[in-house]
Each structure stands twice: as C-alpha cells, then as structure tokens.
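Undergrad:
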RNA sequence: ACCGAUGCU
C-alpha cells in the first residue's frame with residue numbers, strides 16, 4: 002500500500018510521468034482504492050514535471066471518487082502552481098482551502114510565501130507571514146529563509162536583516178542557508194566586504210560553508226572585479242575539500258574576459 | 001511506518 006508511493010516517487014524521479022499515472026490503475030488492479038496519500042504523491046510528481054493539465058484531471062478524479070483533499074494536497078498544489086509561475090492561482094487555492102475547513106500549516110504558508118517571493122512579490126508574502134502568525138501558526142526556519150530570500154531578491158537588505166534578527170529573537174535559529182541568502186544578497190549589491198563578515202559569523206556559529214555559499218562570494222568578488230581575492234577564495238574552498246562547479250567558474254571566466262585576460266581562461 | 005515547504009544561472 003505505502004509501497005505504491007515509493008514507486009510513484011521513483012517514476013517521478015526518473016521523469017516517467019505515464020508510468021507514475023499507471024500506478025493508479027495498478028493500485029486498483031491489486032484490489033485497493035488509492036488513498037489521499039497516493040493522490041498527493043502523484044500530484045507532486047505531475048506538478049514537478051509541469052503536467053498541470055494532467056494534475057487537474059487527477060485532482061478532479063480525487064474529488065469524484067470521494068477522496069477529499071488534505072492540507073498536504075493543497076500544499077502540494079500551491080507549491081506546484083508557484084513553481085509553474087502561477088502564483089495567483091496558488092493564492093486562490095489558499096483561500097479555497099479555508100472554505101473547505103482546512104487550516105494551512107507551516108508547510109502551506111512557507112510554500113506560498115516562497116512562491117510569492119520568487120515572483121518578486123515580497124510585500125504580499127509579508128502579508129501572509131503576518132497572517133500565519135495571527136493564526137497561531139509559528140514560522141520556522143524554512144518560512145524565515147523564504148522571506149529573507151524575497152527581501153534579498155528585491156534588494157531590500159534592511160528588511161532581510163530585520164527578519165534575520167527576528168529569527169534569533171524567537172528561538173528559531175538561523176541556519177547555514179539563512180547566512181548564505183544574506184551573503185548572496187550582499188554580493189549581488191557589490192557588498193562583498195560585509196558578506197565576508199557574515200561568512201565569519203556563520204563559521205563562528207559552527208556552520209561549515211558549502212559550495213553554494215562559496216559560489217555566492219565568488220560571484221560577488223568577480224562582479225566587483227576583485228580577481229585577486231576571487232582566486233584566493235578558489236584556493237581556500239578547494240583546500241577545504243569543496244569542489245568548484247559551473248557556478249564557481251562561470252563568474253570567474255566572465256571577470257577574466259572583462260579584464261582582458263582571456264588567455265587565463267584556458 | 002509511508003505523501004507536502006527554503007539558498008548560487
């Protein structure tokens with residue numbers, strides 16, 4: 002029974018949407034009826050593969066089969082629609098679930114807040130952030146990080162840092178990702194000096210910077226044309242066992258070209 | 001037990 006979820010996810014991982022769809026028939030062939038978990042699992046796969054129409058069909062099927070959507074169903078749909086750049090549709094679903102006596106939880110809010118932030122609509126995201134708190138739903142590190150992402154994306158670092166302080170003050174400690182988000186935000190505004198201060202802070206707190214953190218810093222240094230420090234950073238990260246990837250090299254190559262040192266690229 | 005949310009192109 003729950004093994005079907007593993008299979009659906011496996012097909013989803015392989016991008017085999019049709020095979021995942023067939024699992025619904027398989028479940029019935031085995032004499033079971035698909036549960037809300039099976040539907041949720043399948044919806045997640047379909048939305049990840051951008052099969053919005055098929056997802057709609059499956060969702061309708063759920064309803065007609067008397068399998069009422071759960072909070073997880075709505076969260077899956079909201080997340081999927083946000084990923085498909087249909088944030089308004091996601092907001093509509095969010096309102097709809099209230100009418101169905103379902104209360105959004107921290108996953109639901111986080112998905113919607115992140116979707117709005119990704120669309121650059123951080124002020125509407127802030128509205129839902131306040132809404133969740135007044136509904137007694139406590140934001141967690143994922144919610145906070147999503148908002149920090151939104152403020153950084155819109156170059157509003159003051160608000161991003163405000164949220165960051167709020168976390169520390171509310172027993173929701175920032176994680177490595179929170180720091181990386183701020184580091185990226187600073188670097189994108191040519192403020193890599195401050196970003197390196199944050200790198201120190203995060204290390205003081207015992208977080209080990211990962212490849213993404215280093216890539217953000219690399220991007221910043223290269224944007225500022227600081228090739229010397231960029232090479233220093235490259236050395237430093239490799240010494241710490243971090244393998245550079247395309248996100249590391251591409252800004253470096255760009256900066257080298259810009260400075261006329263094209264030969265160094267090779 | 002098993003389904004849902006956050007970082008660099």
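In the working numbering, the protein residues as written are 2 to 267.
In this text, a Cβ means the ideal position worked out from N, Cα and C, and glycines have one as well.
#1: Can you find the residues in the same chain that come closer than 7 Å, C-beta to C-beta, to residue 181, ignoring five residues on each side of it along the sequence?
#2: What first and last residue would you give for the alpha helix (DSSP H) that runs through residue 156?
#3: Can you find at least 3 beta carbon pairs, one from the region 51-66 and one from the region 93-100, that sit closer than 8 Å?
#4: Let me make sure I understand the geometry here. Which of 253, 211, 170, 184 has the alpha-carbon closest to that of residue 238?
#5: Terminal residues of the continuous alpha helix (DSSP H) containing residue 252?
#6: Please classify residue 17: does DSSP put it in a helix, a strand, or coil?
#7: Within this structure, are the beta carbons of residue 107 and residue 138 separated by less than 8 Å?
#8: Using only the alpha-carbon positions, how far apart do residue 124 and residue 148 sit?
#9: Pick out whichever of 134, 153, 9, 13 has its Cα sitting closest to the Cα of residue 26.
#10: Do the CB positions of residue 118 and residue 150 come within less than 8 Å of each other?
#11: Would residue 112 and residue 68 be called neighbours here (beta carbons separated by less than 8 Å)?
#12: Do the CB positions of residue 15 and residue 46 come within less than 8 Å of each other?
#13: How would you label residue 258, buried or exposed, when you count the other beta carbons within 10 angstroms and need 16 or more for buried?
#14: Measure the CB-CB distance between residue 235 and residue 260 and report whether it falls below 8 Å.
#15: Among residues of its own chain, excluding the 5 on either side of residue 52, which ones have a beta-carbon nearer than 7 Å to its beta-carbon?
#16: Using only CA atoms, which one of 184, 166, 13 lies nearest to residue 204?
#17: What does the Cβ neighbour count give for residue 3, buried or exposed, with the cut at 16 atoms within 10 Å?
#18: Tell me which residues share the same chain as residue 6 and place their Cβ nearer than 7 Å to its Cβ, disregarding the 5 neighbours each side in the sequence.
#19: Can you give, in chain order, each stretch of the alpha helix (DSSP H) that sits fully within the region 141-208 and has at least 4 residues?
#20: What does the alpha-carbon distance come out to for the pair residue 131 and residue 255?
#21: Grouping DSSP H, G and I as helix and E and B as strand, with all else coil, what is residue 139?
#22: Would you check if the distance between the CB atom of residue 251 and the CB atom of residue 222 is smaller than 8 Å?
#23: Would you call the CB atoms of residue 154 and residue 121 closer than 8 Å?
TA: Looking at the coordinates:
#1: Within the first chain, residue 181 is the residue found at index 180, counting from 1. Cβ neighbours of residue 181 beyond the five flanking positions: 213, 214, 217.
#2: Mapped onto the first chain, residue 156 falls at position 155. Here residue 156 belongs to no alpha helix (DSSP H), and DSSP marks it neither H nor E.
#3: No, the region 51-66 is not in contact with the region 93-100.
#4: Numbered from 1 along the first chain, position 237 holds the residue referred to as residue 238. Taking the Cα of residue 238 as reference, the smallest distance to any Cα among 253, 211, 170, 184 is reached at 211.
#5: Reading the first chain from its first residue, position 251 is the one you call residue 252. Looking at the DSSP string, the run of the alpha helix (DSSP H) that includes residue 252 is 247-259.
#6: Locating residue 17 in the first chain gives position 16, where the first residue counts as 1. It is coil, neither helix nor strand.
#7: Mapped onto the first chain, residue 107 falls at position 106. Mapped onto the first chain, residue 138 falls at position 137. Their beta carbons are under 8 Å apart, which means residue 107 touches residue 138 by this criterion.
#8: Mapped onto the first chain, residue 124 falls at position 123. Mapped onto the first chain, residue 148 falls at position 147. When rounded, the distance between both Cα atoms is 10 Å.
#9: Position 25 of the first chain, counted from the first residue, corresponds to residue 26. The shortest Cα separation from residue 26 among 134, 153, 9, 13 belongs to 9.
#10: Here the question's residue 118 lines up with position 117 in the first chain. Here the question's residue 150 lines up with position 149 in the first chain. Yes.
#11: Residue numbering aside, residue 112 sits at position 111 when the first chain is read from its first letter. Residue numbering aside, residue 68 sits at position 67 when the first chain is read from its first letter. For residue 112 and residue 68, no; Cβs fall outside 8 Å.
#12: Numbered from its first residue, the first chain carries residue 15 at position 14. Numbered from its first residue, the first chain carries residue 46 at position 45. The beta carbons of residue 15 and residue 46 sit no closer together than 8 Å.
#13: Taking the first chain and counting its residues from 1, one reaches residue 258 at position 257. Exposed is the call here.
#14: Here residue 235 is taken as the residue at index 234 of the first chain, counted from 1. Here residue 260 is taken as the residue at index 259 of the first chain, counted from 1. Between residue 235 and residue 260, the C-beta spacing is not below 8 Å.
#15: Numbered from its first residue, the first chain carries residue 52 at position 51. Within the same chain, and ignoring the five residues on either side of residue 52 in sequence, the residues whose Cβ sits closer than 7 Å to its Cβ are 18.
#16: The residue labelled residue 204 in the question sits at position 203 within the first chain. The candidate whose alpha carbon is nearest that of residue 204 is 184.
#17: The sequence position of residue 3 within the first chain is 2, counting from 1. Burial call: exposed.
#18: The residue labelled residue 6 in the question sits at position 5 within the first chain. Result list for residue 6: 38, 39, 42, in chain order.
#19: Complete alpha helix (DSSP H) runs here, min 4: 142-154, 158-170, 177-189, 193-205.
#20: For the purposes of this step, residue 131 is identified with residue 130 of the first chain, where counting begins at 1. For the purposes of this step, residue 255 is identified with residue 254 of the first chain, where counting begins at 1. One Cα belongs to residue 131, the other to residue 255, and the distance between them is close to 41 Å.
#21: As a first step, residue 139 must be located in the first chain, where it is residue number 138. It is coil, neither helix nor strand.
#22: Walking along the first chain from the start, residue 251 turns up at place 250. Walking along the first chain from the start, residue 222 turns up at place 221. Contact: no.
#23: As a working mapping, residue 154 is identified with position 153 in the first chain. As a working mapping, residue 121 is identified with position 120 in the first chain. Yes; because the gap between Cβ atoms is below 8 Å, this pair is in contact.
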